[in-house]
Amino acid sequence: MSQIKVAIADDHPLFRTALTQAVLKNVNTAEVLEAENFQELITLVENNPDIELIFLDLHMPGNEGFTGLTLLQNHFPDIAVIMVSSDDQPEIIRKAINFGASAFIPKSASLTQISTAIATVLEGEVWLPEHTDINIDQQTAAEHQRLAKQLAQLTPQQYTVLASIANGRLNKQIAYDLDIKETTVKKHVSAILVKLEVYNRTQAGLVFQQLMITSNDKPPISA
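Under UniProt numbering, residue 223 is the last one in the sequence shown; the count climbs by one each step, no gaps.
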């Protein structure tokens, strides 16, 4: 396989090292770049447009739930994203795949499993841990996949505006944050409502909140 450029975004140095070893095991000519937080990852991708594969830690600084995954898909749709996390409940794994991840690698995975996942993704297929059934709730899966497609239709600035709406920012605050006119923000909001098929800002914010990890994604705590 020809040389590829890979970005590993994780705030744990030891796991970044393990992922690097697995990448080089599959593609010994790969160039591996590292980021300790999500903003650093975005800077890496902007400075290296030839990155083909990203490993994204679900809970790394700057990444809330699946907001990082969908932002990457919105801004850089040609890059495959592999989610990695110690938070590997089936519900979370299903959500990651539904929102467009190419694989979900638990941090408990062996080097061999990680290598297999990488090889599978590089072949254009989706990889999941063994015994993970992602077809349990077809209705929820369809809703998540529909949302992922809607978010992908937003322009990068519209996506940023939507994230700001979900964080409770007012139009004038968003305009200040992005250094644009408030009338421009209003136009973005109107376009966002149409693309998400909702009627107001509150509904748009609630739609975006679906990307977060909730208590419903966690297994019940045994007494």
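Ideal Cβ positions, reconstructed from N, Cα and C, are used throughout, including at glycine.
For residue i, report the span of its beta strand (DSSP E) as first-last.
i	result
Glu31	31-35
Ile8	5-9
Using the three-state DSSP reduction, which class does residue i fall into: helix, strand or coil?
i	result
Leu72	helix
Pro106	strand
Ala204	helix
Using only the alpha-carbon positions, how far apart do residue i and residue j sit?
i	j	result
Leu69	Ile54	10 Å
Asn26	Ile79	18 Å
Leu19	Gly168	36 Å
Val126	Ala119	10 Å
Ile8	Ala35	6 Å
Pro61	Glu197	31 Å
Asp179	Ala191	19 Å
DSSP puts residue i in a beta bridge; with which residues?
i	result
Asp57	Val84
Ile51	Lys5
What residues in its chain sit with their C-beta under 7 Å from that of residue i, if we drop five residues either side in the sequence?
i	result
Asn74	Leu151, Ala152, Leu154, Pro156, Tyr159
Leu206	none
Residue range of the alpha helix (DSSP H) that residue i falls in?
i	result
Gln139	138-153
Pro90	90-98
Tyr159	156-166
residue 225	The chain is shown only over 1 to 223; residue 225 falls outside these bounds and no answer can be derived.
Whose C-beta lies closer than 8 Å to the C-beta of residue i among residues of the same chain, with five residues either side of it excluded?
i	result
Lys186	Asn171
Closer than 6 Å by C-beta to residue i: which residues in its own chain qualify, once you throw out the five before and the five after it? Chain order, please.
i	result
Asn98	Ala141, His144, Gln145
Leu72	Val81
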